[in-house]
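Residue numbers (the working numbering): 189 to 440.
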């Protein structure tokens with residue numbers, strides 16, 4: 189008989205929140221905001237060259253992170269791009285502010301799924317789970333930790349999630365088991381008592397399996413590359429909407 193569920197580790201994007209907008213347009217707008225930040229700070233640099241170099245570094249960073257499961261942060265990509273265009277020393281002092289400016293359009297494009305906050309409240313307080321509240325956490329593959337923390341605050345998830353960790357903070361990316369097991373250790377709970385909820389088979393579900401945890405796949409916004417893993421990475425349960433989660437957790 190499976191151990192009772194005592195904690196849930198949530199993915200964020202595609203699980204508790206959804207992206208609304210055109211991805212490429214939002215990224216380009218972010219680059220424009222970043223360049224404007226340097227301009228306001230009176231940092232003279234090759235703006236066109238920096239924009240191109242930065243996006244190239246972002247793409248190569250995503251590729252390296254996908255193959256090594258070690259995060260390449262947005263700040264690292266920007267630092268390398270600044271070096272590539274021979275930016276003045278003063279530019280490097282503004283990297284944190286420039287990264288925040290870059291993420292501002294993307295941050296505005298993320299919205300909570302309608303049922304997300306209610307689900308978190310229900311699980312944390314025990315409603316729909318036999319009266320026993322669960323520990324809840326968030327674990328996101330992301331290239332900037334402050335960006336994730338701001339989103340969790342703005343979307344109203346913070347009261348129920350602790351810890352909120354990202355790969356930018358930890359270094360490791362899902363599906364490596366270390367981030368999942370670190371949460372289990374923090375809670376002093378066995379891995380088999382935890383459930384991972386996410387939209388990616390090769391990150392959330394595979395990571396749960398490697399950590400000895402159960403998993404729930406959310407298919408509302410699942411990525412296209414899930415199809416290539418459908419027959420080999422099998423979640424414990426599948427739901428079409430995050431609002432179905434409390435009933436599923438009660439049956440695991």
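Every residue gets a Cβ at the ideal spot worked out from N, C-alpha and C, and that includes glycine.
Distance check for residue j and residue i, CA to CA, integer angstroms please.
| i | j | result |
| --- | --- | --- |
| residue 360 | residue 235 | 32 Å |
| residue 332 | residue 357 | 8 Å |
| residue 432 | residue 347 | 21 Å |
| residue 372 | residue 382 | 8 Å |
| residue 426 | residue 277 | 51 Å |
| residue 271 | residue 368 | 35 Å |
| residue 290 | residue 353 | 21 Å |
| residue 237 | residue 226 | 14 Å |
Quick check on DSSP: helix, strand or coil for residue i?
| i | result |
| --- | --- |
| residue 314 | coil |
| residue 427 | strand |
| residue 422 | coil |
| residue 206 | strand |
Compute the minimum distance between the beta carbon of residue i and the heavy atoms of the ligand NAP, and state whether it is under 6 Å.
| i | result |
| --- | --- |
| residue 419 | With respect to the ligand NAP, the structure shown offers nothing to examine, as it has no ligands at all. |
Residues in the same chain with beta-carbon distance under 7 Å from residue i, minus the five sequence neighbours each way, listed in chain order, please.
| i | result |
| --- | --- |
| residue 338 | 295 |
| residue 391 | 329, 362, 363 |
| residue 424 | 402, 403, 404, 440 |
| residue 242 | 219, 265, 266, 269 |
If I'm right that residue i touches residue j with Cβ under 8 Å, what's the distance once you round it to whole angstroms?
| i | j | result |
| --- | --- | --- |
| residue 385 | residue 196 | 6 Å |
| residue 379 | residue 399 | 5 Å |
| residue 350 | residue 325 | 6 Å |
| residue 212 | residue 293 | About 12 Å; that fails the 8 Å criterion. |
| residue 311 | residue 434 | 6 Å |
| residue 421 | residue 393 | 5 Å |
Kindly list the residues whose CB is nearer than 6 Å to the CB of residue i, restricted to its own chain and excluding five residues on each side of it in sequence; keep chain order.
| i | result |
| --- | --- |
| residue 323 | 195, 375 |
| residue 252 | 260 |
| residue 257 | 361, 364 |
| residue 414 | 389 |
Using a Cβ-Cβ distance under 7 Å, would residue i count as near chain D?
| i | result |
| --- | --- |
| residue 199 | Among the chains in the structure shown there is no chain D, since it carries only a single protein chain. |
Are at least three pairs of beta-carbons, each pair with one atom in the stretch 398-409 and one in the stretch 219-230, less than 8 Å apart?
No: fewer than three Cβ pairs fall under 8 Å.
If we count Cβ pairs, one from each stretch, closer than 8 Å, do we get three or more for the stretch 229-246 versus the stretch 265-275?
Judged by pairs of C-beta atoms under 8 Å, the stretch 229-246 touches the stretch 265-275, as three or more such pairs exist.
The stretch 193-209 contacting the stretch 339-348, beta-carbon criterion three pairs below 8 Å:
With the cut-off at 8 Å, the stretch 193-209 and the stretch 339-348 touch.
The stretch 299-314 in contact with the stretch 419-432 per 3-pair CB rule at 8 Å:
A contact exists between the stretch 299-314 and the stretch 419-432.
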